[in-house]
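Trainee: Questions regarding the structure given below will be posed in turn.
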Amino acid sequence: MRGTVIHAPGEVRIEDCDDPKIVQSTDAIIRTVATCVCGSDLWAYRGIEAVPEPHPMGHEYVGIIEEVGRDVTALKPGQFVVGSFATSDNTCPNCRNGFQSSCVHREFMSTCQAEYIRIPNAQGTLVATPDRPADEFVPSLLATSDVMGTGWYAAVAAEVRPGGTAVVVGDGAVGLCGVIAAKELGAKRIIAMSRHASRQKLALDFGATDIVTERGDDGIARIKDLTEGIGADSVLECVGTPEAMQQALRCARPGGNVGFVGVPHDVQIPGEELFFSHVGLRGGPAPVRRFLPDLIDRVLTGRINPGRVFDLTLPLEQVAEGYKAMDERRAIKSLLLP
Ligand SMILES: [Zn+2]
4 MRGTVIHAPG
14 EVRIEDCDDP
24 KIVQSTDAII
34 RTVATCVCGS
44 DLWAYRGIEA
54 VPEPHPMGHE
64 YVGIIEEVGR
74 DVTALKPGQF
84 VVGSFATSDN
94 TCPNCRNGFQ
104 SSCVHREFMS
114 TCQAEYIRIP
124 NAQGTLVATP
134 DRPADEFVPS
144 LLATSDVMGT
154 GWYAAVAAEV
164 RPGGTAVVVG
174 DGAVGLCGVI
184 AAKELGAKRI
194 IAMSRHASRQ
204 KLALDFGATD
214 IVTERGDDGI
224 ARIKDLTEGI
234 GADSVLECVG
244 TPEAMQQALR
254 CARPGGNVGF
264 VGVPHDVQIP
274 GEELFFSHVG
284 LRGGPAPVRR
294 FLPDLIDRVL
304 TGRINPGRVF
314 DLTLPLEQVA
324 EGYKAMDERR
334 AIKSLLLP
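Just so we're on the same page, my numbering is the position in the sequence shown counted from 1, plus 3.
Laid out in structure tokens, this is it:
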């Protein structure tokens, strides 16, 4: 099959790879219907994360089941499925508590920009749609696999409530999906921090009520202006840099909450500042599996359309251009079709 391999920063190639096989009795093999490039894939592409040796890429996917291991009894070949970037048995104590991305059997997906994918813990990980969805739903279903699920978790972790105020730090695909989540969870005021015209427009379409273009102290001052001088009830941190985290912590009001879902790179949390801020903090890899059935339903009923974050669609063979376009910020997110 054809699959994506990163050889060094900036060097992503599509090449012939071995077809995946059932390894464990709990595995499934899916034929990829759509996959995509994640903002977090750019950490390696940009050399911020080391690439010690060539390795496959990709952790977002929707597909059709080809084959299941003998312990996968609730899924069958031919079903259209969505799964998370973190696999889970969906039966262990952490899964039952709704933190499937801390499943005791968790494996992170990392080979999904390919024609076929092996899914460990298939029965707990994959959620089948009632029927084969129409093509128009595929981008949004793919978005639930990671960015929409992660944006949703950011809003839940930041305790977005009906009537509340939410600030979204980061205008990448996750931040934009965080705007959708804040709206769906009933926030009255949703402030998107963005400097890019096309992303501002999408944020407004998704339900943002205000756009703040300033960053740092000026950005914090603008948020305070908009929130009675005290800061927001909920802040969604969707970047993962020290600047974004500091921005998020300082935009929340005393008693407010920050949900942080950007994978932290060199982020330090100052203990004394956090102590005196009275801000609650929860983050981590999103337990997307908790939200998948609900998000799939919202997509298939036309309530949400997070697939709009894909502003570039390419054949899988052109995956390198998908990375390049995102790296150069010509694209928010690249969708890949095998
Ligand atoms: Zn589990």
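C-beta atoms are modelled at their ideal positions from N, C-alpha and C, and glycine is treated no differently. Since the model is a prediction, treat every value here as computed from it, not as a measurement.
Does the beta carbon of V54 fall short of 7 Å from some heavy atom of ligand 1?
Mentor: Translated into positions along the sequence shown, residue 54 becomes position 51. Proximity of the beta carbon of V54 to ligand 1 is not indicated: no heavy atom of the ligand is located closer than 7 Å.
Trainee: On a Cα-Cα basis, can you pick out the residue from G13, G274, I272 that is closest to G325?
Mentor: Mapped onto the sequence shown, residue 325 falls at position 322. Out of G13, G274, I272, G13 has the C-alpha closest to the C-alpha of G325.
Trainee: Mark H62 as exposed unless 16 or more other C-beta atoms lie within 10 angstroms of its C-beta, in which case mark it buried.
Mentor: On the sequence shown, position 59 is the one that residue 62 refers to. Burial call: buried.
Trainee: Looking only at C-alpha atoms, which of I272, C254, K79 sits nearest to D236?
Mentor: Taking the sequence shown and counting its residues from 1, the one referred to as residue 236 is at position 233. Checked all of I272, C254, K79; the closest Cα to D236 is C254.
Trainee: Do you know offhand how far G173's Cα is from R16's?
Mentor: As a working note, residue 173 is residue 170 in the sequence shown. As a working note, residue 16 is residue 13 in the sequence shown. One C-alpha to the other measures close to 28 Å.
Trainee: Can you tell me which residues form a DSSP beta bridge with S237?
Mentor: Position 234 of the sequence shown, counting from 1, holds the residue named residue 237. Paired residue(s): A169, N260.
Trainee: What residues match up with G66 in a beta bridge as DSSP calls it?
Mentor: In the sequence shown, the residue the question calls residue 66 occupies position 63. Answer by DSSP bridge pairing, in chain order: T35, V84.
Trainee: Tell me, please, whether the region 114-123 touches the region 259-268 by the rule of three or more beta-carbon pairs shorter than 8 Å.
Mentor: no
Trainee: Quick check: R292 and T76, are their CB atoms within less than 8 Å of each other?
Mentor: One-based indexing of the sequence shown puts residue 292 at position 289. One-based indexing of the sequence shown puts residue 76 at position 73. No.
Trainee: Quick check on the contact list: which residues have their beta carbon closer than 5 Å to a heavy atom of ligand 1?
Mentor: S91, D92, C95, C98, C106
Trainee: DSSP on A328, reduced to helix/strand/coil?
Mentor: Residue mapping note: residue 328 aligns to position 325 of the sequence shown, counting from 1. Helix.
Trainee: Express the C-alpha separation of H108 and S28 in angstroms, rounding to a whole number.
Mentor: Position 25 of the sequence shown, counted from the first residue, corresponds to residue 28. Position 105 of the sequence shown, counted from the first residue, corresponds to residue 108. Answer to the nearest angstrom: the Cα atoms are 14 Å apart.
Trainee: Look at L78 and A37 and say whether their C-beta atoms are less than 8 Å apart.
Mentor: Indexing the sequence shown from 1 puts residue 78 at position 75. Indexing the sequence shown from 1 puts residue 37 at position 34. At least 8 Å separates the beta-carbon of L78 from that of A37.
Trainee: Under the three-state reduction of DSSP, which class applies to R16: helix, strand or coil?
Mentor: Locating residue 16 in the sequence shown gives position 13, counting from the first residue. Here R16 sits in strand by DSSP.
Trainee: Which ranges does the beta strand (DSSP E) cover as unbroken runs of at least 3 residues, wholly within the region 136-180, from first to last along the chain?
Mentor: 168-172
Trainee: Contact check, G189 vs A157 under 8 Å by CB: the rounded distance?
Mentor: The sequence position of residue 189 within the sequence shown is 186, counting from 1. The sequence position of residue 157 within the sequence shown is 154, counting from 1. Not really, about 15 Å apart at Cβ, beyond 8 Å.
Trainee: What's the call for N100, buried or exposed, on a 16-neighbour Cβ count within 10 Å?
Mentor: Taking the sequence shown and counting its residues from 1, one reaches residue 100 at position 97. So N100 counts as exposed.
Trainee: Of all the CB atoms in chain D, is at least one closer than 8 Å to the CB of G262?
Mentor: Protein chains in the displayed structure number just one, and chain D is not present.
Trainee: Along the beta strand (DSSP E) that carries A195, what are the first and last residues, could you check?
Mentor: Along the sequence shown, read from residue 1 onward, the residue named residue 195 stands at position 192. Residues 192-196.
Trainee: Going by Cα to Cα distance, which pick from D221, E52, V215, W155 is closest to P309?
Mentor: In the sequence shown, the residue the question calls residue 309 occupies position 306. For the residues D221, E52, V215, W155, the minimum Cα distance to P309 belongs to W155.
Trainee: Considering only the alpha carbon of each residue, which of S91, A11, T35, R285 lies closest to R5?
Mentor: Counted from its first residue, the sequence shown places residue 5 at position 2. Among S91, A11, T35, R285, the Cα nearest to that of R5 is on T35.
Trainee: With DSSP collapsed to three states, give me the class of T7.
Mentor: Position 4 of the sequence shown, counted from the start, is the residue given in the question as residue 7. Strand.
Trainee: Using 8 Å as the cut-off, can you tell me whether the region 130-142 makes contact with the region 195-211, which would need three or more C-beta pairs spanning the two stretches below that distance?
Mentor: no
Trainee: Classify Q271: buried if its beta carbon has 16 or more other beta carbons within 10 angstroms, exposed otherwise.
Mentor: Here residue 271 corresponds to residue number 268 of the sequence shown, with the count starting at 1. Q271 is exposed by the Cβ-count criterion.
Trainee: Would you kindly report the start and end of the unbroken beta strand (DSSP E) that includes R285?
Mentor: Here residue 285 is taken as the residue at index 282 of the sequence shown, counted from 1. Where R285 is concerned, the enclosing beta strand (DSSP E) stretches over 283-286.
Trainee: I need the straight-line Cα distance from V141 to Y64, nearest angstrom please.
Mentor: Here residue 141 is taken as the residue at index 138 of the sequence shown, counted from 1. Here residue 64 is taken as the residue at index 61 of the sequence shown, counted from 1. Cα to Cα, the separation comes out at about 10 Å.
Trainee: Can you give me the Cβ contacts of G243 inside the same chain, cut-off strictly under 6 Å, excluding the 5 residues immediately before and after it?
Mentor: As a position in the sequence shown, residue 243 is number 240, starting the count at 1. These residues qualify, in order along the chain: G265, V266, P267, H268.
Trainee: Could you spell out where the alpha helix (DSSP H) holding I223 opens and where it closes?
Mentor: As a working note, residue 223 is residue 220 in the sequence shown. Here the alpha helix (DSSP H) through I223 covers 219-229.
Trainee: Using beta-carbon positions only, say whether R218 and G234 come within less than 8 Å of one another.
Mentor: Here residue 218 refers to the residue found at position 215 when the sequence shown is read from its first residue. Here residue 234 refers to the residue found at position 231 when the sequence shown is read from its first residue. Their beta carbons are not under 8 Å apart, which means R218 does not touch G234 by this criterion.
Trainee: Considering only C-alpha positions, which residue in the set G283, V282, I307 is nearest to T147?
Mentor: Numbered from its first residue, the sequence shown carries residue 147 at position 144. Measuring from the Cα of T147, the nearest candidate turns out to be I307.
Trainee: Quick one: what's got a C-beta closer than 6 Å to A251's C-beta in the same chain, skipping five residues either side?
Mentor: For this step, residue 251 is matched to residue 248 along the sequence shown. For A251, where only same-chain residues beyond five positions count, the Cβ hits under 6 Å are V172, V238, E240, V261.
Trainee: Once DSSP output is grouped into helix, strand and coil, what is the label at D213?
Mentor: Residue numbering aside, residue 213 sits at position 210 when the sequence shown is read from its first letter. In the structure shown, D213 sits in a strand (DSSP, three-state: E or B).
Trainee: May I ask you to report which of helix, strand or coil DSSP gives R293?
Mentor: Position 290 of the sequence shown holds residue 293. It is helical.
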